[in-house]
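Asker: Chains as they are written, first to last, in our numbering: chain E, 1 to 462; chain L, 1 to 462. Before anything else, here's the structure in question.
Encoded structure:
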């Protein structure tokens with residue numbers, strides 16, 4: 001047990017005198033230092049942190065500063081606060097959500113033999129040949145000014161191609177002049193929360209911790225909406241300025257937002273002059289049920305639609321888009337900067353060609369077939385356990401009692417499986433009953449290794 | 001004259017009730033609103049703003065809030081504060097430093113017939129064929145994991161290629177493990193100022209306003225060092241935590257930092273435990289004089305070396321790099337985020353191949369010859385006026401008396417020439433005597449239009 005800053009500093013290799021006057025403030029410096037120590041493994045899972053009062057006294061900080069830093073790291077899933085037993089480093093804190101890092105600073109992680117992390121497409125399926133063909137056509141045809149300083153809205157070729165695609169595939173009302181290209185949904189949230197759309201925002205009680213961190217870093221307060229079998233409880237919306245939703249496929253629990261709730265969230269936004277942020281993170285991958293079109297279609301002046309190629313193509317292609325209400329285009333461009341600083345023009349032009357030549361549709365269709373097959377194999381492998389949220393996306397949820405989640409995760413770790421439980425996705429202020437279980441990504445593993453991953457998972461789940 | 005918020009709001013099309021409770025605070029909202037109005041041309045050059053006291057009273061704000069917003073915009077070059085005659089919108093405020101924008105919100109700018117803006121390479125010279133050949137080789141050879149979530153340090157292929165190139169071409173002591181890829185020097189400054197290197201920073205009295213804005217947005221105070229014929233006056237360094245320099249080719253005045261000052265800035269950093277940030281923005285383009293290697297070579301633990309392909313290849317390729325002292329690698333990665341969110345893997349792998357196959361060297365050599373020829377034509381066209389700062393880079397400086405700068409800029413505008421004077425580059429708190437003249441970029445114009453641009457410039461200068 002680390003009872004003081006001296007012990008803790010020794011453990012994490014920090015200077016005894018933290019440079020607390022740095023920009024971002026004391027809380028930010030302390031939070032970063034502790035997060036990095038957990039991330040790198042210098043603070044091992046299960047390590048108990050000093051009580052915040054002791055640490056505050058050691059460092060000459062206000063107790064609130066330390067308590068806030070702890071709370072932020074709990075919210076992000078790095079730490080766990082247990083009534084009566086203090087604050088400890090989370091087991092396998094956040095590790096499954098990031099790539100096996102070759103960083104020399106990171107402690108060697110338990111070797112990952114089976115990749116069942118959510119949110120990642122199969123990196124071996126990236127359509128290299130078709131992508132290169134598009135790159136050749138696009139870079140050859142581009143006007144010279146494409147290689148000058150970029151328009152912060154993004155290349156017109158890409159905005160035109162996206163407007164047509166999103167309208168056809170997702171029912172988005174997409175005027176190219178209202179599309180702003182960005183490097184991904186995280187970048188979109190950074191821009192929107194960083195001064196464009198004021199807080200507080202309502203969010204879903206289960207969602208990506210790393211989205212909550214982005215909002216937290218921009219000092220946007222978030223209020224969790226409960227989730228039930230019809231999706232987010234939109235009747236809980238009140239005086240928030242915006243709501244961030246995953247209407248097509250609630251992340252991570254997996255259901256679509258009920259049609260009545262789709263209507264009611266738009267009514268709320270109109271009545272309260274608020275904004276709906278629609279994160280359409282895996283809208284291209286639907287299997288069994290009727291397509292669920294974009295919520296944005298109901299009211300393009302009240303909904304900002306966000307998407308990217310991270311799941312349809314690869315997270316290594318840093319391209320995303322916002323389809324914005326007219327009044328937000330100017331403020332978002334102002335936040336983005338005078339010139340395009342984030343999305344390379346070669347990728348933008350290539351994706352435009354890739355969409356217009358039908359290669360994007362072909363790739364999505366091919367991946368949809370493959371992922372559907374994998375999903376069926378997964379469901380079969382886990383029977384008689386019931387998996388839910390399987391009508392769309394790249395992951396399924398195996399619901400378990402609370403103790404069983406922990407047990408299954410431990411067993412999975414022993415089997416060398418990288419995957420998440422449901423608990424880290426829970427908003428720290430969520431009031432709804434806890435959901436427990438495994439979030440099983442079936443897209444990332446290479447084809448030849450998928451059967452073995454399922455075998456290992458079956459052993460872990462028992 | 002806009003005497004009140006009502007007049008001003010009408011002029012800039014703002015809601016009469018500014019949403020001042022947004023994130024970032026009242027000052028930030030007001031600053032953004034006014035900046036956007038100037039940028040878009042809704043507030044025309046020469047427009048007089050209401051006195052800050054009146055605006056504060058109209059909006060119910062503290063006077064300091066409005067005065068600070070004005071001061072920030074003066075610092076960024078959007079506004080000019082004149083003793084006795086109030087605050088007015090700068091003439092051609094910042095316009096020459098951004099691309100002709102097709103934004104529907106922007107007022108139609110005076111048509112630009114001749115592009116003599118500094119800082120931009122010729123977009124028509126982008127090596128499309130060689131770049132595509134590298135893309136094909138690189139994407140074909142890449143391991144599958146290249147298309148998974150990216151390492152925040154950047155691809156090892158690119159870091160290895162850069163380490164070899166920077167060592168050979170710029171004398172940088174570059175260990176691939178100390179290189180972090182980013183989207184450009186602006187991104188590097190955002191990361192370093194946003195919590196990694198505390199303020200205040202010393203900067204050069206003349207430099208890019210947009211770099212100062214980035215530091216300002218991160219609440220890093222800047223203190224200007226005077227510049228003389230030997231570069232920045234390093235003897236003025238005091239208790240700052242860092243200094244941002246352009247040692248190879250002072251931007252924009254054009255001289256190299258004197259060897260004694262190179263040594264003294266390293267001594268200062270060692271004595272004060274401070275950091276030197278070396279912006280090697282155009283280090284690849286040297287013409288007449290002996291190469292000036294990277295300052296970083298003198299002490300890699302005290303100097304962070306920053307560079308990008310914006311001038312050597314194209315600002316549309318969003319790739320830059322930092323070569324960092326060991327102790328900064330972790331904090332910069334923590335600031336960057338858990339995954340690569342900014343630099344696309346295709347560009348990274350392509351640039352790595354492009355460097356390793358010698359295509360980068362060949363391109364730089366070819367452009368160096370072309371730019372040297374253009375520089376000679378420029379010097380000749382302007383004789384008997386004397387141009388300075390011509391031993392390197394993509395621009396020259398024509399020094400003029402203060403009134404003559406204004407006259408020459410007006411005449412250039414009449415000729416349809418886009419270019420900058422020296423004044424907008426001056427730090428608002430600079431104490432050194434003012435420098436005046438024209439900053440003439442000779443790289444951006446297409447080959448066929450360069451002679452006509454020089455003719456127009458000669459007429460403008462008289």
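Virtual Cβ for every residue (Gly too), placed ideally from N, Cα, C.
Taking the alpha-carbon of residue 194(E) as reference, which of 461(E), 453(E), 331(E) and 340(E) has the nearest alpha-carbon?
Answerer: Of 461(E), 453(E), 331(E) and 340(E), the residue nearest in Cα terms is 331(E).
Asker: Work out the CA separation of residue 87(L) and residue 37(L) for me, nearest whole Å.
Answerer: Distance between the alpha carbons of residue 37(L) and residue 87(L): 15 Å.
Asker: Using DSSP with H/G/I as helix, E/B as strand and the rest coil, what is residue 159(E)?
Answerer: If DSSP states are grouped into helix, strand and coil, residue 159(E) belongs with the helices.
Asker: What residue range is occupied by the uninterrupted beta strand (DSSP E) comprising residue 395(E)?
Answerer: Counting along the chain, the beta strand (DSSP E) containing residue 395(E) begins and ends at 395-399.
Asker: So residue 153(L) is in the alpha helix (DSSP H); what residue range does that whole segment cover?
Answerer: Counting along the chain, residue 153(L) falls outside any alpha helix (DSSP H), and DSSP gives it neither H nor E.
Asker: Under 8 Å: do the stretch 171-191 of chain L and the stretch 395-404 of chain L share three or more Cβ pairs, one atom per stretch?
Answerer: As far as the Cβ criterion goes, the stretch 171-191 of chain L does not touch the stretch 395-404 of chain L, which means the pair count is below three.
Asker: Are three or more beta carbon pairs between the stretch 322-341 of chain L and the stretch 120-138 of chain L nearer than 8 Å?
Answerer: Flag = no, the stretch 322-341 of chain L and the stretch 120-138 of chain L do not touch.
Asker: Counting contacts by CB-CB distance shorter than 8 Å, is residue 363(E) in contact with chain L?
Answerer: Residue 363(E) does not count as touching chain L.
Asker: Terminal residues of the continuous beta strand (DSSP E) containing residue 264(E)?
Answerer: Premise fails: residue 264(E) lies in the alpha helix (DSSP H), 259-272, not in any beta strand (DSSP E).
Asker: With a Cβ-Cβ cutoff of 8 Å, do residue 304(L) and residue 257(L) count as a contact?
Answerer: Cβ distance not < 8 Å, so residue 304(L) and residue 257(L) don't count as in contact.
Asker: Leaving out the 5 sequence neighbours to the left and right, which residues in its chain are closer than 7 Å to residue 178(E) when beta-carbon positions are compared?
Answerer: Hits under 7 Å: 323, 324, 326 and 329.
Asker: Output, in chain order, the set of chain E residues within a Cβ distance shorter than 7 Å of residue 342(L).
Answerer: Ordered by position in chain E, the residues that pass the 7 Å Cβ test against residue 342(L) are 183, 318 and 342.
Asker: Residues in the stretch 150-174 of chain L with C-beta within 7 Å of chain E's C-beta atoms, listed in sequence order?
Answerer: If the cut-off is 7 Å between Cβ atoms, the stretch 150-174 of chain L has 150 and 151 near chain E.
Asker: Given 8 Å as the limit, is there contact between the stretch 259-277 of chain L and the stretch 293-309 of chain L, that is, 3 or more CB pairs closer than that?
Answerer: At 8 Å Cβ cutoff, the stretches touch.
Asker: Beta-carbon separation of residue 166(E) and residue 181(E) under 8 Å?
Answerer: Contact: no.
Asker: Going by C-alpha distance, which of 151(L), 73(L) and 153(L) is nearest residue 472(L)?
Answerer: Any property of residue 472(L) remains undetermined from this structure, which presents chain L solely from 1 to 462.
Asker: Taking 8 Å as the CB-CB limit, is residue 87(E) close to chain L?
Answerer: Not an interface residue.
Asker: Buried or exposed, going by whether 16 or more other CB atoms sit within 10 Å of the CB of residue 60(L)?
Answerer: Burial call: exposed.
Asker: Any C-beta of chain L sitting closer than 8 Å to the C-beta of residue 134(E)?
Answerer: Not an interface residue.
Asker: Helix, strand or coil: how does DSSP classify residue 308(E) here?
Answerer: Residue 308(E) falls in the strand class under three-state DSSP.
Asker: If residue 420(E) sits next to residue 118(E), beta carbons under 8 Å apart, how far is it from one beta carbon to the other, in whole angstroms?
Answerer: Indeed, because the Cβ distance is near 6 Å, the residues count as touching under 8 Å.
Asker: Which ranges would you report for the beta strand (DSSP E) in the stretch 204-268 of chain E if only whole runs of at least 3 residues count?
Answerer: Counting whole runs of 3 or more residues, the stretch 204-268 of chain E contains the beta strand (DSSP E) stretches 222-225 and 242-245.
Asker: Could you name the residues that DSSP lists as bridge partners for residue 201(E)?
Answerer: Partner(s): 222(E) and 242(E).
Asker: Going by alpha carbons, who is nearest to residue 437(L) out of 293(L), 408(L), 431(L) and 175(L)?
Answerer: The shortest C-alpha separation from residue 437(L) is found at 408(L).
Asker: So, does the stretch 356-365 of chain E touch the stretch 333-344 of chain E, judging by three or more C-beta pairs under 8 Å?
Answerer: The stretch 356-365 of chain E, when compared against the stretch 333-344 of chain E, does not touch it at the 8 Å Cβ threshold.
Asker: List the residues that DSSP assigns as beta-bridge partners of residue 323(L).
Answerer: For residue 323(L), which the question treats as bridged, DSSP gives the partners 179(L) and 305(L).
Asker: For residue 321(E), which of 286(E), 281(E) and 52(E) has the nearest alpha-carbon?
Answerer: Residue 321(E) has its Cα closest to that of 281(E), out of 286(E), 281(E) and 52(E).
Asker: Give the residues from the stretch 296-309 of chain L that approach chain C closer than 9 Å (Cβ to any Cβ), ordered along the chain.
Answerer: Structure shown: chain C not included; protein chains present are E and L.
Asker: Name the residue from 269(E), 220(E), 390(E) and 297(E) whose alpha carbon lies nearest to the alpha carbon of residue 238(E).
Answerer: The shortest C-alpha separation from residue 238(E) is found at 269(E).
Asker: Whose C-beta lies closer than 6 Å to the C-beta of residue 138(E) among residues of the same chain, with five residues either side of it excluded?
Answerer: Only 349, 350 and 353 meet the Cβ criterion.
Asker: Report the three-state DSSP secondary structure of residue 164(L) (helix, strand or coil).
Answerer: Residue state, collapsed to three classes: helix.
Asker: List, in chain order, every chain E residue whose beta-carbon is nearer than 8 Å to that of residue 428(L).
Answerer: By Cβ distance, chain E contributes nothing, its closest Cβ being about 19 Å from residue 428(L), past 8 Å.
Asker: Establish whether the CB of residue 211(L) and some CB of chain E are separated by less than 8 Å.
Answerer: Judged by the 8 Å Cβ criterion, residue 211(L) is not in contact with chain E.
Asker: Just to confirm, are residue 202(E) and residue 221(E) a CB contact at a threshold of 8 Å?
Answerer: The answer is no: Cβ separation not under 8 Å.
Asker: Closest Cβ-Cβ distance between residue 395(E) and chain L: below 8 Å?
Answerer: Chain L, which has no Cβ nearer than 8 Å to the Cβ of residue 395(E), makes this no.
Asker: Mind pulling the alpha helix (DSSP H) runs of 4 or more residues that sit fully within the stretch 117-142 of chain L?
Answerer: As far as the stretch 117-142 of chain L is concerned, its whole alpha helix (DSSP H) runs of at least 4 residues are 128-141.
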